[in-house]
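*Asks:*
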Amino acid sequence: MSIMVFSQRLASMKLKDVPSFIRARANKQFIEKQTWGFLNNYNEKYIKTGSIKPLNDVLISVFVLSYAIGWPTEIRHLKHAEEKARKSKKE
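The opening residue of the sequence shown carries number 5 in this note's numbering; numbering runs sequentially from there.
1) Rounded to whole angstroms, what's the CA-CA distance from residue 71 to residue 91? Just pull it up for me.
2) Give the secondary structure of residue 31 by DSSP, where H, G and I count as helix, E and B as strand, and everything else as coil.
3) Would you mind reading off the limits of the alpha helix (DSSP H) that contains residue 8?
4) Tell me the DSSP secondary structure of residue 37 in three-state form.
5) Taking residue 59 as part of the alpha helix (DSSP H), name the residues at either end of that continuous run.
Right under this line is the structure:
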């Protein structure tokens, strides 16, 4: 189930039905079933056909992950540079 479908179903429910809906989908068996289903479909659709998409997915995932990991360091450097510029203006 995609996140969009999940959120649409959640939004259309009454508040008293939400806990049972979440409980049914937030357990190990359901998540395992969904994950293996996705992986099997992906394997059939892209890997067994010799598509380039898995390579693109890996490259994009590595890029996004490395960017996310490096972002806090970059922010620290930018804040330090701004603080240094402010201090040099005061002097």
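From the three backbone atoms N, C-alpha and C, an ideal C-beta is built for every residue, glycine too.
*Replies:* According to the structure shown:
1) 30 Å
2) coil
3) 7-15
4) helix
5) 57-94
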